[in-house]
Structure formats: structure tokens, C-alpha cells
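Here the protein sequences come in this chain order: Z and E. Throughout the first sequence, residue numbering follows the working numbering, covering 1 to 115 in sequence. Throughout the second sequence, residue numbering follows the working numbering, covering 1001 to 1115 in sequence. For each residue, glycine too, the CB sits at the ideal point set by N, CA and C. Scroll down for the structure; my scribbles are underneath it.
There are 2 protein chains.
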Amino acid sequence: MQCDHESEHASAAKRAAENMPSEEEVEKVAASFKAISEPSRLKILFALRHGEMCVYHIVAAVGSTQSAVSHQLRILRAGGIVKTRREGQNILYSLADEHVVAVLELACTHLKCKL
Amino acid sequence: MQCDHESEHASAAKRAAENMPSEEEVEKVAASFKAISEPSRLKILFALRHGEMCVYHIVAAVGSTQSAVSHQLRILRAGGIVKTRREGQNILYSLADEHVVAVLELACTHLKCKL
DNA sequence: TCAATATATGAATAACTGTTCATATATTAC
DNA sequence: GTAATATATGAACAGTTATTCATATATTGA
């Protein structure tokens, strides 16, 4: 394999190779996207767009089980997608920041689906 | 399990359940994110930010094999993340639209990593 | 038409991941 | 301290997926 339109693409390829983020950075970005790439987790995020919620209400909103939701919340939390605060017996979950909201909205715009 | 701060969260939960996108829509969004959630595919996208490229140069830029890259490109193409055009023997790949660029940049901003 | 180059793809394997079930931890009310 | 409630977690299983290897298709130039 070899490509001979050096003039046109070689420079882009060279720049791309030189500016490729480190393996660690790529994996960090990938992990963030992976966190929001599962239907069960996306539903949680769509739910949280309507406001801070405890686990019980998240379970109700997405229609799943407590255990499954709790496992997914851990992944979202570890990925920095949601944040938590305790209020008595309850742990209240919310979207971590405006970037998360923005990415969700971009995806829906891209796919031409209402939110 | 039952949650008694009805006054505070029940309304958010109710709105969330009512406005939850359909299973099909959620899966479409999830599939899009899944397409960009693998390090090997993300590297391809980071490379393509520097311009349209043929497979040979993508392979060179990301440091993988022709077969692996080709499999990943198929997934990115099916997910509407990249688009292609043929030029002689070569298939030139590029990012599908500005939304893709924007999402990549948002993620890097979110993670405070340079791009 | 034939050889060479570029890209795609099917099958197989190995690694990863989501859910379920059972159970553990933590907080509150008594 | 004990019971009740809310949330988290470990293990196991099932389903998914990325890579490799071998091979197929498509385009070009002779």
C-alpha cells in the first residue's frame, strides 16, 4: 500500500500525525463518549435535563431497575458526566456541567430529533 | 424503594418520563456516540480534522493496520460521522459536518485537553 | 486482458460490558 | 441500638465488539 498524491494529502497526514493527542488523552475522550453512548445511560441524562433527581425518581423516569440504574450512575459519575450531592437519605444526581447539555443538544440537532 | 420528597423532585421526574424520547431515538443518539467512543475511531477523527485523507494516510496518521482502519471507517460512515468521495483508486474520507467538529471540540474543552 | 494498487469484508477469537441477583453500606426515625 | 429506607456493589452470565488473517472487489495503466 502506498499513496502517490503526496502533494495533496501528505501534508494533512503529516500534520495529523504530529498533532495526534497522546494515547492517554484519546482514551480520556473516548471514555467520556463511551459513558454517554449506551441507551440506558442516555435515558438517565435525558431525564436529568429536567432537573436534579434522586435514584428512585431516575428509576421511575427511565423505567429500569434500581440496581441497573445504580451501576450506570457509577459509570456516569466516574466519567464526570453527572455530579451528586447528598440530601439526607437520598443522593441527588444532576448533569455535571453545561458541556454535557450542549453535547446532548448537538447530537439531537445532528440527528434532527426533537429533545 | 419509595421517595417522599414529592414536592421537590416528583415534578421533574414526571416531566422527564413524559418527555423521554422514544426508544428508537435514544438508540440513534447512542449509536452516534458509540461510533465516536472508541480510541481507534477517535484517532481517525482527530486525524481527519486536518483535512480530507485517503485510507493509506489515515493508517499512517493513526498508526494501525489497513484492515482495522477499514473496519472502523465502515462504522464511522454508517453512523454518519464521516463521508467519502472517490478519486481514482482512492477513497477520500472527511468529517461529515460541522456538528462532528463541534462535538469533538466540546469534549476536549470539557476535559481541558488541547486539540 | 493482465498486473498492480487501494480499499473492503467475512470468519474467528479475545476482550469488554450491561443486566440480574444477592448482599452490603449508609442514613434516619424510633 | 434496631428497623426501615436509599443507594451501592461483587459475581456471574449473556451479548457485543475490536482486531487479525485471509481474501475479495474495484480502479488504473500497460
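Would you call the stretch 37-44 of chain Z and the stretch 1065-1072 of chain E in contact, with 3 or more CB pairs under 8 Å?
The stretch 37-44 of chain Z is not in contact with the stretch 1065-1072 of chain E.
Minimum C-alpha distance to Gly1088(E) - residue among Gly1080(E), Ala1012(E), Ala1016(E) and Cys1054(E)
Counted from its first residue, the second sequence places residue 1088(E) at position 88. When only C-alpha atoms are compared, the closest one is Cys1054(E).
The alpha helix (DSSP H) that contains Ile91(Z), what's its start and end?
To locate residue 91(Z), count along the first sequence from 1; it is residue 91. Counting along the chain, Ile91(Z) falls outside any alpha helix (DSSP H), though it belongs to the beta strand (DSSP E) covering Asn90 to Leu95.
Ends of the beta strand (DSSP E) at Arg1077(E)?
Start at 1 with the first residue of the second sequence, and residue 1077(E) comes out as number 77. Unbroken run through Arg1077(E) is the alpha helix (DSSP H), Gln1066 to Ala1078; no beta strand (DSSP E).
What does Glu1105(E) touch in chain Z if you count any residue whose Cβ is under 9 Å from its own?
Counting from 1 along the second sequence, the entry for residue 1105(E) is found at position 105. Per Cβ cutoff of 9 Å: no residues; Glu1105(E) is ~10 Å from chain Z at best.
Using DSSP with H/G/I as helix, E/B as strand and the rest coil, what is Ser7(Z)?
Mapped onto the first sequence, residue 7(Z) falls at position 7. At Ser7(Z), the pLDDT of 49 sits below 50, so the modelled position is not reliable; the number obtained from the coordinates is stated separately. Helix, per DSSP.
Pull up the DSSP beta-bridge partners for Arg1085(E), would you.
Within the second sequence, the letter at position 85 stands for residue 1085(E). Note: Arg1085(E) sits in a beta bridge opposite Leu1092(E).
Contact set between Tyr69(Z) and chain E, taken where Cβ atoms lie within less than 9 Å:
Mapped onto the first sequence, residue 69(Z) falls at position 69. First, the amino acid is wrong: residue 69(Z) is Val here, not Tyr. Going along chain E, no residue has its Cβ under 9 Å from Val69(Z), so there is no contact; the nearest lies around 11 Å.
What is the DSSP secondary structure of Cys1113(E), reduced to helix, strand or coil?
As a position in the second sequence, residue 1113(E) is number 113, starting the count at 1. Note: Cys1113(E) maps to coil in three-state DSSP.
When we look at the beta-carbon of Ala1068(E) and count the other beta-carbons within 10 Å, is it buried (16 or more) or exposed?
Residue mapping note: residue 1068(E) aligns to position 68 of the second sequence, counting from 1. Looking at its Cβ environment, which holds fewer than 16 other Cβ atoms inside 10 Å, Ala1068(E) is exposed.
Taking all protein chains shown into account, decide if Lys43(Z) is buried (16 or more other Cβ within 10 angstroms of its Cβ) or exposed.
In the first sequence, counting from the first residue as 1, residue 43(Z) sits at position 43. Residue environment: Lys43(Z) is assigned as buried (16 or more neighbouring CB atoms within 10 Å of its CB, all protein chains considered).
Quick check: the Cα distance between Glu105(Z) and Val1101(E), rounded to an integer number of angstroms?
In the first sequence, the residue the question calls residue 105(Z) occupies position 105. In the second sequence, the residue the question calls residue 1101(E) occupies position 101. Roughly 14 Å between the two C-alpha positions.
Ile58(Z) lies in the alpha helix (DSSP H); which residues open and close that run?
Your numbering for residue 58(Z) matches position 58 in the first sequence. Counting along the chain, the unbroken alpha helix (DSSP H) around Ile58(Z) starts and ends at Val55 to Val62.
May I ask you to report which of helix, strand or coil DSSP gives Val1100(E)?
Position 100 of the second sequence holds residue 1100(E). The three-state secondary structure of Val1100(E), taken from DSSP, is helix.
Look at the alpha carbon of Tyr1093(E) and the alpha carbon of Val1082(E), and state the distance between them as a whole number of angstroms.
The residue labelled residue 1093(E) in the question sits at position 93 within the second sequence. The residue labelled residue 1082(E) in the question sits at position 82 within the second sequence. When rounded, the separation of the alpha-carbon atoms in Tyr1093(E) and Val1082(E) is 7 Å.
Indicate the three-state DSSP secondary structure (helix, strand or coil) for Ser32(Z) in the structure shown.
Here the question's residue 32(Z) lines up with position 32 in the first sequence. Correct three-state label for Ser32(Z): helix.
Counting contacts by CB-CB distance shorter than 8 Å, is Arg1085(E) in contact with chain Z?
Mapped onto the second sequence, residue 1085(E) falls at position 85. Not closer than 8 Å to any Cβ of chain Z, the Cβ of Arg1085(E) fails to qualify, so no.
Ser1064(E): contacting residues in chain Z (beta-carbon distance under 8 Å)
Within the second sequence, the letter at position 64 stands for residue 1064(E). Result: empty, since nearest Cβ-Cβ is about 12 Å, beyond 8 Å.
Considering just the uninterrupted stretch of the alpha helix (DSSP H) at Pro1039(E), what are its terminal residues?
For the purposes of this step, residue 1039(E) is taken as the residue at position 39 of the second sequence. Element bounds for Pro1039(E): Pro1039 to Leu1048.
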